[in-house]
Amino acid sequence: MSTSLQTPHDPPASAIAVAAVAAPAAKQEHGGHVLDNPAWASLTGAHRRFAETVGLAARYQDDVSPIAAIADPADPRAWADLAELFGSGTALTLAGVPELPEGWGGGEAIPGVQMVATTLRGATDPEAVALGPEDAAEMLDLVARTRPGPFLPRTVEMGSYVGIRRDGALVAMAGERLRPPGWTEISAVCTDPEYRGHGFASRLIRHVAAGIGARGDTPFLHAAAANTSAIRLYESLGFTQRVTTVFRMIRVP
1 MSTSLQTPHD
11 PPASAIAVAA
21 VAAPAAKQEH
31 GGHVLDNPAW
41 ASLTGAHRRF
51 AETVGLAARY
61 QDDVSPIAAI
71 ADPADPRAWA
81 DLAELFGSGT
91 ALTLAGVPEL
101 PEGWGGGEAI
111 PGVQMVATTL
121 RGATDPEAVA
131 LGPEDAAEML
141 DLVARTRPGP
151 FLPRTVEMGS
161 YVGIRRDGAL
171 VAMAGERLRP
181 PGWTEISAVC
191 TDPEYRGHGF
201 ASRLIRHVAA
211 GIGARGDTPF
221 LHAAAANTSA
231 IRLYESLGFT
241 QRVTTVFRMI
251 RVP
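Under full-length UniProt numbering, the residue at position 228 of the sequence shown is numbered 228, and the numbers go up by one with no gaps.
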């Protein structure tokens, strides 16, 4: 799940569901960090209004986000609930699960990283304009051209999104996605190819981070490990890698 998760080998965002789950060695209910399972914490907390839930499995409404989560990958009941939630034969992507239960088919594993803000300094940007549901069509068009990761018609409702315009056209944007307690994920960071090299991504990340910090949360984000240019940018802004993870394409039995 990423600010920039997709790689040339990723399936289209519309064809999969992205599920984030805790690594077996770091379960939140046993004292692990809330970022070990941020999607579950978000779906059962700040984003409950967007959630569809079956027992120990939850997903966002299908026009909000393809993200889903299970409470504990070591619990067979969670996998049964996930199967009921999605339905037999459905393809989805799980994060942070090294092994799958018997009967669950696995595909390509894409390495990823989770990064947290350590020395990042937020700063409001005078050119950053608020984006809302009325801007969804433009946002979807920018996402289609830049592929920052899954973005759907109502993703903009998950948090604060901002953009930069040139001659009235939206040329860069960034916003908020997952909201586990005390943290907010920065996501959908993208710039029109014709406007890259102007520092828009850095400026918008700092702007979004300023809003996150103003309400007492700490920014974090995800990226594909292969997206080294994005990772270097995040590091230069003050993000530090917290954990590595893996995004694995699977299919419900």
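Ideal Cβ placement from N, Cα and C applies to all residues, glycine included.
In this text the structure is predicted, and so the values were computed from the model without any measurement.
Closer than 7 Å: residue i CB and nearest the ligand FMN heavy atom
i: residue 80; result: Inclusion of the ligand FMN in the displayed structure is not the case, the ligand content being empty and no account of it being possible.
8 Å CB neighbourhood of residue i in its chain, flanking five on each side removed
i: residue 76; result: 101
i: residue 182; result: 34, 216, 217, 218
i: residue 45; result: 179, 180, 181
i: residue 103; result: 253
i: residue 88; result: 252, 253
i: residue 52; result: 58, 59, 60, 61, 85
Cβ pair residue i, residue j closer than 8 Å
i: residue 205; j: residue 186; result: yes
i: residue 95; j: residue 247; result: yes
i: residue 156; j: residue 207; result: no
i: residue 55; j: residue 36; result: no
i: residue 145; j: residue 192; result: yes
i: residue 211; j: residue 120; result: no
i: residue 190; j: residue 133; result: no
i: residue 250; j: residue 105; result: yes
i: residue 184; j: residue 159; result: yes
i: residue 122; j: residue 188; result: no
i: residue 153; j: residue 170; result: no
Residue i in three-state terms, based on DSSP
i: residue 112; result: strand
i: residue 151; result: coil
i: residue 117; result: strand
i: residue 57; result: strand
i: residue 213; result: helix
i: residue 100; result: coil
i: residue 226; result: coil
i: residue 126; result: coil
i: residue 66; result: coil
i: residue 77; result: helix
i: residue 166; result: strand
i: residue 47; result: coil
i: residue 83; result: helix
i: residue 207; result: helix
Identified DSSP bridge partners for residue i
i: residue 175; result: 161, 187
i: residue 34; result: According to DSSP, which records beta bridges pairwise, residue 34 is partnered with nothing at all.
i: residue 246; result: 111
i: residue 239; result: 117
i: residue 52; result: 59
i: residue 218; result: 183
i: residue 105; result: 251
i: residue 131; result: 161
Residues near residue i by beta carbon distance below 6 Å, same chain, minus five either side
i: residue 90; result: 252
i: residue 234; result: 115
i: residue 111; result: 225, 246
i: residue 40; result: 69, 71
i: residue 244; result: 113
i: residue 83; result: 252
i: residue 50; result: 60, 61, 64
Candidates the options, of which the one nearest residue i by Cα
i: residue 203; options: 54, 240, 164; result: 164
i: residue 195; options: 175, 142, 207; result: 142
i: residue 179; options: 53, 60, 136; result: 60
i: residue 126; options: 200, 42, 140, 103; result: 200
i: residue 130; options: 118, 176, 122; result: 176
i: residue 263; options: 62, 128, 88; result: What is shown of the chain runs 1 to 253, which leaves residue 263 out entirely.
i: residue 197; options: 229, 221, 214, 220; result: 229
i: residue 38; options: 172, 236, 222; result: 222
Residue-chain proximity (residue i, chain C), Cβ-Cβ < 8 Å
i: residue 63; result: Of the protein chains in this structure there is only one, and it is not chain C.
Residues near residue i by beta carbon distance below 7 Å, same chain, minus five either side
i: residue 255; result: The displayed coordinates of the chain run from 1 to 253. Any statement about residue 255 would go beyond what the structure contains.
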